[in-house]
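See structure below.
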Amino acid sequence: MDNSQPIIVKRITRKAAGHHGGSWKIAFADFAVAMMAFFLVMWLLTTATPEQLKMVSGYFNDPVGFSEGGSPFAIDLGGSPTVAPDRTLNDAAEETVPVPLNSEQIKTLAEQAEQEELDLVLQELQNKIDTEPVLQRFKDQILLEITQDGLRIQIVDAENRPMFASGSPQLQPYFEEILLALSDVISKVPKKISIGGHTDAQPFSVKREYGNWELSTERANAARRTLLVAGYPETQVARVVGYADSALFDRTDSFNPINRRIDIVVLNKRAVDQLLETTNAAVVPELPADAPIPEVPEALETPQPEADQPAEMPDTLSPEPDTSVVPEEQDAPRPLNLFEDDNPLQQLQAR
């Protein structure tokens, strides 16, 4: 069978959907900006005062003729420039002249600055105790506090870890390490320090005429020498004193090892002034009760000579006239002289 009909083959080609361009991105960006503006307006409406809302409304109602308010801008959040009110030169001068402080205000400000400085030293010491391995082992024996005299650092004894040899001012090696580590921070503050030694109430009877007063004083002085070896300035040591057991840390138990301690006080200015006043106070010797009171002679006033008159000698230098009565010579009996012209015998003969 002859079939001359041509064979037609259809080839279907599937293509992907065409690209629509980036117009949707612009639309989405406009939508995001509009939403942001909407939420910004909502936030301003909730935080603005009624006066501010009235100003915003007045600006949008008449932007050209709007003149109420302190700013020509619709919303003034504090960052936009504003028109400063007119001021005279006298007003500007009055605002720039500082108010003088009295002595009490200056003293108060100085004490506050000094207190802040001591607080920083306390914080630095605490950080060093927490981070440095040498001090971490003894952090329970190092006590820091701010007192009315300044920053006080107390290094106390433990029952199994004393700072000194028993009954001796000889420092233990670990106590020297503590002082050497603390001196670096204390020396940064240009202030004077006071070093005090304390003991417990246990009587000291090893040596004759040597007790807790002598022992506490020598221990405080040993701590001072260790600080000087570490490089602490000797001129900043104001006082070294021993207290024995007169100022116990634990008053309920006078034999508690914590009572044996060394305290280092970084003195503030007020404490230094009080220390100087006490040291420089005049010591008046106390007289016995039955001692006679010496008489103080009155001061002699010498008259000063005037410019136009010659200077007169004071009366105290001129000899006093002799006011005693001297018998006159005519009262004494006179011897008879026959050779005188006024002889009474001759006068009788002449008559």
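According to the working numbering, the sequence shown holds residues 847 to 1197 in order.
Where a beta carbon is used, it is the ideal one built from N, C-alpha and C, also for glycine.
Of the listed residues E1023, Q1000 and E962, nearest to R983 (C-alpha basis): Residue 983 sits at position 137 when you count from the first residue of the sequence shown. Looking at the Cα atoms, E1023 is the closest of the given residues.
Helix, strand or coil at R1097 according to DSSP, with G and I counted as helix: Indexing the sequence shown from 1 puts residue 1097 at position 251. Three-state DSSP puts R1097 in coil, outside helix and strand.
Best match in P946, Y1020 and L968 for proximity to P979 [C-alpha to C-alpha]: Sequence index remark: in the sequence shown, residue 979 carries index 133 (1-based). Checking every option, the nearest Cα to that of P979 belongs to Y1020.
Length of the line joining the Cα atoms of L964 and K1115: Along the sequence shown, read from residue 1 onward, the residue named residue 964 stands at position 118. Along the sequence shown, read from residue 1 onward, the residue named residue 1115 stands at position 269. When rounded, the distance between both Cα atoms is 12 Å.
Pairwise C-alpha distance: Y1056 and R1106: Sequence index remark: in the sequence shown, residue 1106 carries index 260 (1-based). Sequence index remark: in the sequence shown, residue 1056 carries index 210 (1-based). Roughly 17 Å separates the two Cα atoms.
Residues near E1147 by beta carbon distance below 7 Å, same chain, minus five either side: Here residue 1147 refers to the residue found at position 301 of the sequence shown. Confidence in E1147 is poor, its pLDDT being 49 and thus under 50, which makes the residue's placement too unreliable to answer from.
Separation of F1095 from E1064, as counted between CA atoms: Residue 1064 sits at position 218 when you count from the first residue of the sequence shown. Residue 1095 sits at position 249 when you count from the first residue of the sequence shown. Straight-line Cα distance between these residues: approximately 19 Å.
Min CB distance A1068 to chain C below 7 Å: Here there is only one protein chain, and chain C is not present.
N-terminal and C-terminal residue of the alpha helix (DSSP H) that A894 is part of: Here the question's residue 894 lines up with position 48 in the sequence shown. Here A894 belongs to no alpha helix (DSSP H), and DSSP marks it neither H nor E.
Coil, strand or helix - Y1089 by DSSP: Here residue 1089 corresponds to residue number 243 of the sequence shown, with the count starting at 1. Strand.
I1039 versus K1053 - alpha carbon distance: Here residue 1039 refers to the residue found at position 193 of the sequence shown. Here residue 1053 refers to the residue found at position 207 of the sequence shown. Going by the C-alpha atoms only, they are around 31 Å apart.
contact_flag[the region 992 to 999, the region 947 to 965] where n(CB pairs < 8 Å) is 3 or more: yes
Whole-angstrom distance between A1084 and A959, CA atom to CA atom: In the sequence shown, counting from the first residue as 1, residue 959 sits at position 113. In the sequence shown, counting from the first residue as 1, residue 1084 sits at position 238. So the two alpha carbons sit approximately 22 Å from each other.
Rounded Cβ spacing between P1103 and E991 (contact assumed at less than 8 Å): Position 257 of the sequence shown, counted from the first residue, corresponds to residue 1103. Position 145 of the sequence shown, counted from the first residue, corresponds to residue 991. Not quite, the Cβ-Cβ distance comes to about 20 Å (not below 8 Å), so this is no contact.
Buried versus exposed, by CB contacts within 10 Å (16 or more), Q1120: Along the sequence shown, read from residue 1 onward, the residue named residue 1120 stands at position 274. Classification for Q1120: exposed.
Span of the alpha helix (DSSP H) around V967: As a working note, residue 967 is residue 121 in the sequence shown. Looking at the DSSP string, the run of the alpha helix (DSSP H) that includes V967 is S949 to T977.
Sub-7 Å separation of V1031 and E970 beta-carbons: As a position in the sequence shown, residue 1031 is number 185, starting the count at 1. As a position in the sequence shown, residue 970 is number 124, starting the count at 1. In this structure, E970 lies closer than 7 Å to V1031 by Cβ.
CB of V1086 within 7 Å of CB of I1041, strictly: The sequence position of residue 1086 within the sequence shown is 240, counting from 1. The sequence position of residue 1041 within the sequence shown is 195, counting from 1. The answer is yes: Cβ separation under 7 Å.
For F1010, the residue or residues it bridges with in DSSP: Residue mapping note: residue 1010 aligns to position 164 of the sequence shown, counting from 1. Looking at the DSSP assignment, F1010 forms a beta bridge with L1017.
Residues of its chain near F1101, where Cβ-Cβ distance is below 7 Å and the 5 sequence neighbours each way are ignored: Along the sequence shown, one-based indexing puts residue 1101 at 255. Here the set comprises D1046, A1047 and Q1048.
Neighbourhood of R857 by C-beta, 6 Å cutoff - its chain only, sequence neighbours within 5 removed: Here residue 857 refers to the residue found at position 11 when the sequence shown is read from its first residue. So no residue of the chain qualifies.
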